[in-house]
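Asks: Residue numbers (the UniProt record's numbering): 1 to 94.
Just so it is clear, CB atoms sit at the ideal spot from N, CA and C, and this is done for glycine as well.
A single structure is presented below for examination.
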């Protein structure tokens, strides 16, 4: 299954997986670690390790969510991300 990303308000990629958002945390040797974007709010320790930063596969999961997925928040972020992407495309084609 391909990885799904949305763009944050600051322009960073967020990994969307299993109804939760994950922020890029750090890069290792041929691996990229993403931790739950609610890490600070809920002290959530869930994280994923992928083979590449933007495309690739999940090679390790540490799934211990301390909160339920917030589908409304994710939907809002997806809509905002799509609007911004569409605006970029529109500006470039004009």
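Is the Cβ-Cβ distance between residue 3 and residue 21 less than 9 angstroms?
Replies: Going by C-beta atoms, residue 3 is not nearer than 9 angstroms to residue 21.
Asks: Report all residues from its chain with a CB closer than 7 angstroms to the CB of residue 8; omit the five preceding and five following residues, and keep chain order.
Replies: Cβ within range, chain order: 14.
Asks: Please tell me whether residue 49 and residue 40 are closer than 9 angstroms, where the distance is taken between their beta carbons.
Replies: Cβ distance not < 9 angstroms, so residue 49 and residue 40 don't count as in contact.
Asks: Buried or exposed for residue 17, going by 16 or more other Cβ atoms inside 10 Å?
Replies: The residue is buried, with at least 16 neighbouring Cβ atoms inside 10 Å.
Asks: Can you round the beta-carbon distance between residue 62 and residue 46 to whole angstroms, since I take them to be within the 8 angstroms contact cut?
Replies: Their Cβ separation, rounded to whole angstroms, is 6 angstroms, which keeps residue 62 and residue 46 in contact under 8 angstroms.
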